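*Asks:* Please read through the structure below; I'll follow up with questions.
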Amino acid sequence: MKFESGHHKMASSTLRIWMSGLLIVGVFLGSSMIPVAGYAQSTCESDHSVIGKRTLDTATNTVVVGMDDECQMIDDVDEAVDIQLSRSESIRSPGTTSLISRDPDNQQFSVGALNPAVSATGRYVTFNTFIPGTPEGQVYVRDQSTNRTELISVNADGQPGNGISDLARTTPDGRYVVFSSLADNLVPDDTNGAGDIFLYDRQRNSVERVNVASDGTESNGFSTLYPSVSTDGRYVVFNTDADNLAPNDFNLSEDVFLRDRVRGTTERISTAQDGSAAGGVAVSMSPDGRYIAYISSSDDLVANDTNNARDAFVYDRRTQRTELVSIASDGTQAEVPPRVSPLTLVFDAEISPDGRYVVFSSKADNLVANDTNGQTDVFVHDRTRRTTERVSLASDGSEGNAASAYAALSFGGRYVVFHSSADNLVANDTNGQTDVFVHDRTQRTTKRVSVAADGTGGNRASGLITQREDTFFFIISEPGMDWLGSTTAFESSASNLVSDDTNEQADIFVARLR
């Protein structure tokens, strides 16, 4: 069976995901398509394991299509999933910043908000509220098209969770939201006394606990960091210190697991070459559920891992291979600088929606040439070209004079949003605060986005919540970005980014870049 082609015209207001079964193979941005990386062009083999690469002839808008897992031709418009974002729904005008962490009555919260995540088009933004030192905090979704806020961390009766719920992420269309929660009233028979991972279906108004074993047994450990969910809500990946979700989990550390909600199975992802359990945290999954990025200090995930430090990895569920990605372009492993803990060498890996790029933060100074600042920097690894570049730079290429970390990527990896305490990445950065920046990898420019309409920097930190009054606490809140790289969401304690910020709390802001 050979590849065939078809013609599919897309309206300029449509962001369209082209899927093969559960695998995203391309995304239409207007009438152009960005192909997903990682698929080798081939004919269908008898083991039904090969999937073809989809490309687009931009002159004719011809989509070259291949086969799905069962060797069926993918040449049907019904195989595409549309996410509509008309210009009337374009959220905000380019260059504007808005405070979007508002309650269901459209009022500013009287408590803080943090941890934003953005849907594919930027229409939906998830976040959670929090009150330090208390068990209070809920997950919400803000619809920027309708200006409505929906409480997500609720049970089947609509009652809010009775424990902290946070760290939410959404599917590209905003239908499914996954989050972590210490609440024990979201589903029946939650008796483990630990943090769990839940999936909320906004269409059906239903909630499901997903960090369970294949036989339904609840986790005997905590699952409290960012989960990640596939486009169709079928797969949820998470990390946990539980040892009863898979057989032979004897490593006494956090591991990465994937829940298949259709088959009702749970499998361990962070597995050593010999099949034994290997630790892993900070998970991120490509929307098709194929690639999973995570951080691990295990030295047996890949061959010749000899730096004895925490690294970033990507697991390919199709090939069942694990790849070390926190490396230099020549394949050199990250080295631990003096006075740096090996456990903090690399952290916060995020995979781009197309699965090609991984952005991570690292204190290593040997991943790129001329890394002499002695600071944590943000790097992007291209899994196709096997190259690594540093992106926490000024537009003239100058390296930051302070730490940069916690990043997110647009679909094709062009735009990277990150936090930085550096004051030399842009001109006139005189506020002395942590700010949020966006780097354009094509134009090689860096722009500060946590600013007021007149360009004034925030009068408090963005992405970093610190001491308030006589209570000390320190919280990192990662930024989010839509697939087009045109909308970014971030937390800020600043009160001068918009004119009507009167609650004196950390809020979630959305900056419309283009």
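Take 3 as the starting number for the sequence shown in our numbering and just add one per residue. Here a beta-carbon is modelled for each residue, glycine too, at the ideal position from N, C-alpha and C. Just so you know, these numbers come straight off a predicted model, no measurement behind them.
For residue 115, count the other beta carbons within 10 Å of its own beta carbon; 16 or more makes it buried, fewer makes it exposed. Which is it?
*Replies:* buried
*Asks:* Closest to residue 427 by CA distance: which of 415, 446, 411 is it?
*Replies:* 446
*Asks:* Say whether the segment 421 to 438 touches the segment 388 to 407, bearing in mind that this needs 3 or more beta-carbon pairs closer than 8 Å, one atom from each stretch.
*Replies:* yes
*Asks:* If you drop the 5 nearest sequence neighbours on each side, which residues of the same chain put their C-beta closer than 8 Å to that of residue 47?
*Replies:* In this predicted model, residue 47 has a pLDDT of only 32, less than 50, meaning its place in the structure is not dependable; the value taken from the coordinates is given anyway. Hits under 8 Å: none found.
*Asks:* Distance check for residue 482 and residue 419, CA to CA, integer angstroms please.
*Replies:* 7 Å
*Asks:* How about residue 295 and residue 342: do their beta carbons lie closer than 9 Å?
*Replies:* no
*Asks:* Please name the residue, chosen from 141, 123, 96, 134, that lies closest to residue 104 on a Cα-to-Cα basis.
*Replies:* 141
*Asks:* Are residue 514 and residue 249 close, meaning C-beta to C-beta below 9 Å?
*Replies:* no
*Asks:* Distance, Cα to Cα, residue 430 vs residue 450?
*Replies:* Cα-Cα distance, rounded: 10 Å.
*Asks:* What residue range is occupied by the uninterrupted beta strand (DSSP E) comprising residue 182?
*Replies:* Looking at the DSSP string, the run of the beta strand (DSSP E) that includes residue 182 is 178 to 183.
*Asks:* Run through the segment 225 to 291 for me and flag every whole beta strand (DSSP E) of 3 or more residues, listed as ranges in chain order.
*Replies:* For the segment 225 to 291, whole beta strand (DSSP E) runs of length 3 or above, ordered along the chain, are 237 to 242, 257 to 262, 267 to 270, 283 to 287.
*Asks:* Short of 7 Å in beta carbon distance, which residues of its chain neighbour residue 503, apart from the five on each side in sequence? Order them along the chain.
*Replies:* 101, 497, 509
*Asks:* Measure the C-alpha to C-alpha separation of residue 480 and residue 171 and round it to an integer number of angstroms.
*Replies:* Each residue's alpha carbon lies about 12 Å from the other.
*Asks:* Beta carbon of residue 345, beta carbon of residue 311: below 9 Å?
*Replies:* Against a cut-off of 9 Å, the Cβ pair of residue 311 and residue 345 comes out as a contact.
*Asks:* For residue 316, decide whether its Cβ has a neighbour in chain B, counting only Cβ atoms nearer than 9 Å.
*Replies:* The chain inventory of the structure shown lacks chain B, comprising one protein chain alone.
*Asks:* Scan the segment 130 to 190 and note each continuous beta strand (DSSP E) run of 3 residues or more that stays entirely inside, going in chain order.
*Replies:* 141 to 145, 150 to 153, 167 to 172, 178 to 183
*Asks:* Based on Cα-Cα distance, which residue from 121, 127, 151 lies nearest to residue 111?
*Replies:* 151
*Asks:* In chain order, which beta strand (DSSP E) runs of at least 3 residues are fully inside the segment 338 to 382?
*Replies:* 348 to 353, 359 to 364
*Asks:* Determine the extent of the beta strand (DSSP E) in which residue 2 is found, giving its start and end residues.
*Replies:* Only positions 3 to 516 of the chain appear in this structure, which leaves residue 2 out of reach.
*Asks:* Output the boundary residues of the beta strand (DSSP E) element that contains residue 114.
*Replies:* Judged by DSSP secondary structure, residue 114 falls within the beta strand (DSSP E) whose first and last residues are 114 to 120.
*Asks:* Is the CB-CB distance between residue 409 and residue 364 below 9 Å?
*Replies:* no
*Asks:* Under a Cβ-count criterion, where at least 16 other Cβ atoms within 10 Å of its own Cβ denotes burial, should residue 211 be classed as buried or exposed?
*Replies:* buried
*Asks:* Does the distance from the CB of residue 193 to the CB of residue 213 come in under 9 Å?
*Replies:* Result no, Cβ atoms of residue 193 and residue 213 do not sit closer than 9 Å.
*Asks:* Give the straight-line distance between the Cα atoms of residue 437 and residue 464, rounded to the nearest whole angstrom.
*Replies:* Distance between the alpha carbons of residue 437 and residue 464 is about 5 Å.
*Asks:* Using DSSP's beta-bridge definition, name the partner residues of residue 294.
*Replies:* Answer by DSSP bridge pairing, in chain order: 287, 317.
*Asks:* Would you check if the distance between the CB atom of residue 131 and the CB atom of residue 120 is smaller than 9 Å?
*Replies:* Not a contact, by the Cβ cut-off of 9 Å.
*Asks:* By alpha-carbon positions, which one of 299, 124, 143 ends up nearest to residue 349?
*Replies:* 299
*Asks:* Rounded to the nearest angstrom, what separates residue 68 and residue 309 at their Cα positions?
*Replies:* With a pLDDT of 33 at residue 68, under the threshold of 50, the predicted position of this residue should be treated as unreliable, though the coordinate-derived value follows. Spanning the two alpha carbons is a distance of roughly 41 Å.
*Asks:* Taking residue 330 as the reference, which of 322, 318, 352, 360 has the closest Cα?
*Replies:* 360
*Asks:* Is the beta carbon of residue 201 less than 9 Å from the beta carbon of residue 163?
*Replies:* no
*Asks:* Could you please give the first and the last residue of the uninterrupted beta strand (DSSP E) stretch that includes residue 443?
*Replies:* Unbroken run through residue 443: none, as it is neither H nor E.
*Asks:* Quick one, which of 368, 218, 301, 284 has its alpha-carbon nearest residue 269's?
*Replies:* 218
*Asks:* I need the DSSP call for residue 104, collapsed to helix, strand or coil.
*Replies:* It is a strand residue.
*Asks:* For residue 99, name the three-state secondary structure that DSSP assigns.
*Replies:* strand
*Asks:* Is residue 366 closer than 9 Å to residue 347 when the C-beta atoms are compared?
*Replies:* yes
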